[in-house]
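Residue numbers (the working numbering): -7 to 356.
Ideal Cβ placement from N, Cα and C applies to all residues, glycine included.
These numbers come from a predicted model, not from an experiment.
Have a look at the structure below before the remarks.
As structure tokens, this is what we get:
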């Protein structure tokens, strides 16, 4: 698309060549068609006779699923209206965790009926949708039933229904039990209501075993290993220091050059570094910590000193894991080793390194 400049008379490109512009009914019909195509794409996966789809990405990786959110997450969509349908599925998945295909198919069918040309203004149709939403919510409140969190049978039925569309049919009884236990573990009272924040559930995946080997760990798992072979691999009654500062000698902000004339000065510099690292470890020991989870790096010499004191240490933990640890253990994340006090330490019954598949992980 182009327009003529007032003075030069030369066309100036605003949009790339080949771009077309649509208005009114033509644009509306185009948007509805794009949204309906997305609905048709997942329609065949809905219900007890729904079929799986095989998706092949640009790298040749294959995904087989009948989960609407997974299908729409894999495809590349350019049309704005089609993108909105994909967002419908994502929102449904994030808010509810199920019913993504139903939401998309329902939205597609509403648009299909809205396309019937009866000279009704779009705002009137939209107001009709709003009234339908109010009525639907009213009916849902009437037919809904309260569920006691101790009613395990009903909770299991809910979990099994949600997993019916997932590729875990063989183990879904086992996984349903785990899901119930996990949710019950994180439920808390808020304003007279019981709320389960699923952000408090961490899912870790490792290759090598079957779905039946899935287990619930009442704690936190770090996809890291203990930094030094001389450190303990198991600590009971752990006092955990959560550090957001390196156990290293930090480099200066400015480039500097040190000229040494006497070889003994080299040893003095190295001895001073060793002394500073030793003092850091002494501060950790003085605070009473026997486990260190560090968000930054840990110097080799500091590792040696920590191992010598029988302190288990993990380095370069993720910020999200540090926040979960602080919440779960009651500890505080410390930004400066000089500020570490016994009150900052978190507590855990057990911290242990375990081998899962080919990898080592730290269980807290």
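> Whose C-beta lies closer than 6 Å to the C-beta of residue 316 among residues of the same chain, with five residues either side of it excluded?
Replying inline: 212
>> Measuring straight from C-alpha to C-alpha, what distance separates residue -5 and residue 13?
In response: Because residue -5 sits at a pLDDT of 49, beneath the cut-off of 50, its placement in the model cannot be relied upon, and the following sentence gives the value as read from the coordinates. Rounded to whole angstroms, residue -5 to residue 13 spans 14 Å at the Cα level.
>> Classify residue 41: buried if its beta carbon has 16 or more other beta carbons within 10 angstroms, exposed otherwise.
In response: Residue 41 should be labelled exposed.
>> As a quick exercise: from 152, 305, 92 and 352, pick the residue whose alpha carbon is nearest that of residue 224.
In response: 305
> Counting pairs of Cβ atoms below 8 Å between the region 284 to 292 and the region 194 to 206, do you hit three or more?
Replying inline: no
> Beta-carbon of residue 140 versus every beta-carbon of chain D: anything under 7 Å?
Replying inline: The chain inventory of the structure shown lacks chain D, comprising one protein chain alone.
>> Out of 30, 20, 210 and 34, which one is the CA nearest neighbour of residue 340?
In response: 210
>> Are the CB atoms of residue 232 and residue 179 within a distance shorter than 7 Å?
In response: no
>> If I follow the unbroken alpha helix (DSSP H) through residue 305, where does it start and stop?
In response: Secondary structure note for residue 305: it is in no alpha helix (DSSP H), and the uninterrupted beta strand (DSSP E) holding it is 304 to 306.
>> Less than 7 Å between C-beta atoms, sequence neighbours within five positions excluded: which residues of the same chain meet that for residue 60?
In response: 34, 37, 81, 92, 93 and 96
>> Quick check on the burial criterion: 16 or more other C-beta atoms within 10 angstroms. Buried or exposed for residue 162?
In response: Exposed: under 16 other Cβ atoms inside 10 Å.
> Would you report the Cα separation of residue 56 and residue 226, rounded to the nearest angstrom?
Replying inline: Taking the straight line from one Cα to the other gives about 40 Å.
> Do you know offhand how far residue 89's Cα is from residue 160's?
Replying inline: For residue 89 and residue 160, the distance between alpha carbons rounds to 15 Å.
> Skipping 5 residues on each side, what residues in its chain have a beta carbon closer than 6 Å to that of residue 228?
Replying inline: 342
> Can you give the beta carbon distance from residue 148 to residue 168, rounded, assuming they're within the 8 Å contact cut?
Replying inline: Right, their Cβ atoms sit about 5 Å apart.
> Should residue 196 be labelled buried (16 or more other beta-carbon atoms within 10 Å of its own) or exposed?
Replying inline: exposed
> Whose CA, out of 27, 356, 230 and 319, lies closest to the CA of residue 192?
Replying inline: 319
> Can you name, in chain order, every residue of its own chain whose Cβ lies under 6 Å from the Cβ of residue 78, other than the five neighbours on each side?
Replying inline: 64 and 69
> Under the three-state reduction of DSSP, which class applies to residue 272: helix, strand or coil?
Replying inline: helix
> Are the beta-carbon atoms of residue 31 and residue 100 separated by less than 7 Å?
Replying inline: A distance below 7 Å separates the beta carbons of residue 31 and residue 100.
> Hey, quick one: how far does the alpha helix (DSSP H) through residue 29 stretch, first residue to last?
Replying inline: 16 to 35
> Can you tell me the Cα-Cα spacing of residue 152 and residue 164, whole angstroms?
Replying inline: 7 Å
> Quick one, are the C-beta atoms of residue 217 and residue 352 less than 7 Å apart?
Replying inline: yes
> Rounded C-beta distance between residue 236 and residue 326? I'm assuming under 8 Å.
Replying inline: 7 Å
>> Quick check: what's the CA-CA separation for residue 238 versus residue 272?
In response: Using only the alpha carbons, I get a separation of about 10 Å.
> Who pairs with residue 55 in a beta bridge, going by DSSP?
Replying inline: 47, per the DSSP bridge assignment.
> Rounded to the nearest angstrom, how far is the Cβ of residue 103 from that of residue 27, given a contact under 8 Å?
Replying inline: 5 Å
> Bridge partners of residue 231, per DSSP?
Replying inline: 339
> What are the complete alpha helix (DSSP H) segments, minimum 4 residues, inside the region 117 to 198?
Replying inline: 144 to 155 and 164 to 178
> What number of angstroms, rounded off, separates the C-alpha of residue 185 from the C-alpha of residue 176?
Replying inline: 14 Å
>> Does residue 76 come out as helix, strand or coil in the three-state DSSP assignment?
In response: helix
> Where does the unbroken alpha helix (DSSP H) through residue 65 begin, and where does it stop?
Replying inline: 60 to 66
> What separation, rounded to the nearest whole angstrom, lies between the Cα atoms of residue 122 and residue 134?
Replying inline: 19 Å
>> Distance check for residue 140 and residue 240, CA to CA, integer angstroms please.
In response: 52 Å
> What are the start and end residues of the beta strand (DSSP E) that includes residue 284?
Replying inline: 283 to 286
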